[in-house]
Amino acid sequence: MESSRDKERYRLEQEAFVSNHGGTTSQEVVHVILPNICGVLLTITTLGLYGKYLHRNVKIVIEFMLTVVPCILCCTILSEYVSNVCVFMIILSFINIMLMRIKVHALTNCILRPVRGKRPFVTNFRALSNIITVICILAVDFRIFPRKFAKTEVFGYSLMDTGVGIFIIANALVSPEARDFSSQSKLGFFSTLSRNLKRPLKSSIPLLLLGCGKFLAIEFLGYQRHITEYGVHWNFFITLAFVKLFTRTITSTINSRYSLLSGIWILAMHEYILTNNGLKDWILSNEPRVDFITANREGLMSIPGYVGLYLIGVAVGRLIHCTYLNLNLGTTLYPRKNIHITIFGYDLDASYNESMILCVKLSLIAAQACAATLFCDKYFRISRRLANAGYCSWIVTLCTMILTLLLLIEVVTDILIYATTDHKIVDNKNDKVLEKMGEVKHKRHKAGFKTRKENKQDIKQESSQDLPVDSPIKRTLEIFEAVNYNGLIFFLSCNMLTGVINLLVSTLYTGKNTALQIMIAYMAVNIFFILILYRYQVQVKM
């Protein structure tokens with residue numbers, strides 16, 4: 001009897017430990033995320049310098065130590081020193097670059113063509129957001145995790161508040177709607193709606209089952225529950241299922257090219273209803289939860305906000321895929337412009353490419369979203385619990401900022417690949433090696449746009465691709481590829497292991513060193529599991 005009382009008291013203590021927090025500043029949230037981005041650059045340059053001498057499994061250990069472990073440390077014991085960690089990582093990355101055997105002839109007159117197919121920086125973004133989220137869902141149960149990073153109770157910024165929003169954006173970037181550039185279907189409305197809803201209905205059923213399973217497991221095991229997060233019966237998986245259904249319905253009615261306008265309109269209407277009809281006060285009140293709607297008011301009433309956020313994410317995804325669409329089709333969209341720069345006494349000629357143009361576009365979107373966030377914060381406040389316009393604009397700001405930085409790293413990676421390896425020109429049509437980079441006699445173009453004749457020659461040359469020969473530098477890390485390959489399974493396995501740890505360990509009374517060891521072991525087990533699935537090409541789609 002005493003044991004059951006102790007368990008109930010400890011459960012209530014855990015719930016109190018993760019509740020009623022006011023968050024931190026937006027700047028501090030950005031600061032704690034930056035080391036993860038710097039870790040990507042450090043890992044790429046380190047493996048580029050030493051990778052060809054290392055076994056594949058040793059590379060995995062290095063990736064884990066330079067990307068996952070710093071994330072754990074910066075969310076816990078090094079949370080007050082993230083700026084120092086960033087500077088240290090950047091210095092080490094710069095040293096790695098200086099130690100590489102940079103071939104100046106490879107940089108002279110180089111044309112940096114992005115690789116075709118999936119975008120490495122999007123892969124890195126989706127994997128990083130997933131890894132940060134799963135680290136936080138366990139770390140929050142330990143005392144070494146600063147309370148300012150825990151989920152806010154009503155209004156404010158916090159690291160954990162960004163999890164669900166970034167996950168929504170990460171899914172929207174690679175959604176079918178973001179990649180659909182076909183013309184409007186000639187089928188009737190109901191035929192189009194029926195066809196487009198079949199797949200999301202199938203994918204939503206497993207998510208709904210996972211949501212119901214999580215609720216039943218919490219009830220059966222007596223696991224702690226933060227009711228004001230989503231409600232009594234509601235959870236993240238159910239939210240994701242309904243967002244998929246509603247967004248697919250909307251894009252069946254309105255072409256996805258108008259997803260930005262649709263998303264902004266939905267968020268504006270959502271904010272208007274919250275503010276002018278007393279809905280906000282009802283959601284945030286302590287009224288009794290006497291039926292399904294009142295018991296799950298947070299989860300139900302936040303769906304419009306997440307739908308609007310998803311549609312804006314689709315618009316950003318369309319921008320990204322549209323930028324590289326002509327590249328994948330083997331044509332050029334714009335005439336390239338030569339840039340002449342001098343680095344360390346070397347005169348280098350290059351031309352800007354699609355990635356550099358996209359980098360500017362994403363940074364402009366981030367600036368506009370930041371202005372919208374400041375406006376909403378002043379008049380409506382930021383609330384993850386409401387998924388209001390301020391919260392959604394804050395998530396868009398954060399995501400586009402991270403995407404911009406990761407895209408810059410991709411550009412740097414491309415430069416390093418071309419500067420440190422021999423190249424061969426491959427005819428994609430005939431699968432034939434035409435010439436080695438070292439044997440090419442470069443022509444020096446004048447600064448400015450090329451002539452029409454030169455542009456036609458460039459279009460013909462697009463069928464030939466400039467490829468590095470056995471480059472040790474990789475654009476994406478294997479851990480990130482594995483996490484993306486089974487993203488939802490990775491998230492689910494981390495949730496399950498988090499529950500097991502909480503049932504076996506009294507996290508509130510765990511010391512600093514033990515907590516760190518548990519968290520590192522927790523991430524190692526999950527990464528190992530997802531790597532096994534990736535290497536054996538086992539993919540579970542939902």
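Under UniProt numbering, the final residue of the sequence shown carries the number 542; numbering is consecutive throughout.
Glycine included, C-beta positions come from ideal geometry on N, C-alpha and C.
Exposure label - residue i; buried when at least 16 CB within 10 Å
{"i": "Met523", "result": "buried"}
{"i": "His442", "result": "Unreliable placement is indicated for His442, whose pLDDT of 40 sits below 50; the coordinate value is still reported in the next sentence. Exposed is the call here."}
{"i": "Glu28", "result": "buried"}
{"i": "Leu276", "result": "The displayed chain sequence assigns Asn, not Leu, to residue 276. Label assigned to Asn276: exposed."}
{"i": "Val500", "result": "exposed"}
{"i": "Arg535", "result": "exposed"}
{"i": "Ser83", "result": "exposed"}
{"i": "Lys512", "result": "exposed"}
{"i": "Ser393", "result": "buried"}
{"i": "Gly213", "result": "exposed"}
{"i": "Glu2", "result": "Caution is warranted here: a pLDDT of 49 is assigned to Glu2, below 50, making its placement in the model unreliable, and no coordinate value can be reported."}
{"i": "Gln539", "result": "exposed"}
{"i": "His21", "result": "buried"}
{"i": "Met401", "result": "buried"}
{"i": "Asp6", "result": "exposed"}
{"i": "Trp265", "result": "exposed"}
{"i": "Trp282", "result": "exposed"}
{"i": "Asn526", "result": "buried"}
{"i": "Tyr230", "result": "buried"}
{"i": "Gly438", "result": "With a pLDDT of only 42 at Gly438, under the threshold of 50, the placement of this residue in the model should not be trusted; the figure read from the coordinates follows. When all chains shown are included, Gly438 counts as exposed."}
{"i": "Leu508", "result": "exposed"}
{"i": "Ile254", "result": "exposed"}
{"i": "Ile131", "result": "buried"}
{"i": "Gln14", "result": "buried"}
{"i": "Glu8", "result": "exposed"}
{"i": "Tyr391", "result": "buried"}
{"i": "Lys59", "result": "buried"}
{"i": "Thr451", "result": "Any reading at Thr451 must be qualified, since the residue scores a pLDDT of 40, below 50, and its modelled position is unreliable; no value is offered."}
{"i": "Glu354", "result": "buried"}
{"i": "Thr397", "result": "buried"}
{"i": "Leu201", "result": "exposed"}
{"i": "Gly278", "result": "exposed"}
For residue i, the residue or residues it bridges with in DSSP
{"i": "His21", "result": "Thr152"}
{"i": "Tyr157", "result": "Thr24"}
Contact set for residue i: own chain, Cβ-Cβ below 8 angstroms, skip 5 residues either direction
{"i": "Leu408", "result": "Cys359"}
{"i": "Tyr223", "result": "Arg11, Ala217, Gly499, Asn502 and Leu503"}
{"i": "Ser506", "result": "Tyr10"}
{"i": "Val164", "result": "Phe236, Thr239, Tyr306 and Arg384"}
{"i": "Leu300", "result": "Gly231, Trp234 and Ile293"}
{"i": "Ser19", "result": "Glu153, His226 and Thr228"}
{"i": "Ser256", "result": "Glu177, Ala178, Asp180, Val314 and Arg318"}
Cutoff 7 angstroms; reference residue i; Cβ partners in own chain excluding five residues on either side
{"i": "Asn124", "result": "Val40, Leu406, Thr476 and Phe480"}
{"i": "Gln461", "result": "A caution first: Gln461 carries a pLDDT of 43, below 50, which makes its placement in the model unreliable, though a value can still be read off. None."}
{"i": "Ile395", "result": "Thr162, Gly165, Ile166, Ile169 and Leu309"}
{"i": "Asn171", "result": "none"}
{"i": "Ile532", "result": "none"}
{"i": "Gln537", "result": "none"}
{"i": "Ile95", "result": "none"}
{"i": "Arg179", "result": "His321"}
{"i": "Arg381", "result": "Phe155 and Gly390"}
Cut-off 6 angstroms between Cβ atoms - residues of its own chain near residue i, not counting five sequence neighbours on either side
{"i": "Thr251", "result": "Glu177"}
{"i": "Gly23", "result": "Thr152, Gly156, Tyr157 and Ser158"}
{"i": "Asn36", "result": "Cys71 and Leu128"}
{"i": "His31", "result": "Val82"}
{"i": "His270", "result": "Pro304 and Gly305"}
{"i": "Leu207", "result": "Phe237, Leu240 and Ala241"}
Integer-rounded CB distance, given that residue j should sit under 8 angstroms from residue i
{"i": "Ile473", "j": "Thr413", "result": "6 angstroms"}
{"i": "Thr228", "j": "Glu287", "result": "Going by Cβ atoms, the distance from Thr228 to Glu287 rounds to 12 angstroms, so no, they are not a contact pair."}
{"i": "Ile510", "j": "Phe17", "result": "The sequence given here has Thr at residue 510, not Ile. That belief does not hold up - the Cβ atoms of Thr510 and Phe17 are roughly 12 angstroms apart, past 8 angstroms."}
{"i": "residue 581", "j": "Gly263", "result": "The structure shown does not extend to residue 581, since the chain is modelled only from 1 to 542, so the question has no answer here."}
{"i": "Ile137", "j": "Asn484", "result": "Not a contact, Cβ separation roughly 19 angstroms."}
(request) Report the residue ranges of all alpha helix (DSSP H) runs contained in full by the region 459-526; include only those spanning at least 4 residues, in chain order. (result) 478-485 and 487-504
(request) Would you mind listing the beta strand (DSSP E) stretches within the region 341-421 that are 3+ residues and don't spill past its ends, in chain order? (result) 346-351
(message) Please give me, in chain order, every unbroken run of the alpha helix (DSSP H) with length at least 4 that falls completely inside the region 235-301.
(response) 236-253, 259-276, 279-284, 292-295 and 297-301
(request) Pick out the complete alpha helix (DSSP H) segments inside the region 56-104, 4 residues or longer, and give them in chain order. (result) 56-63, 69-74 and 82-99
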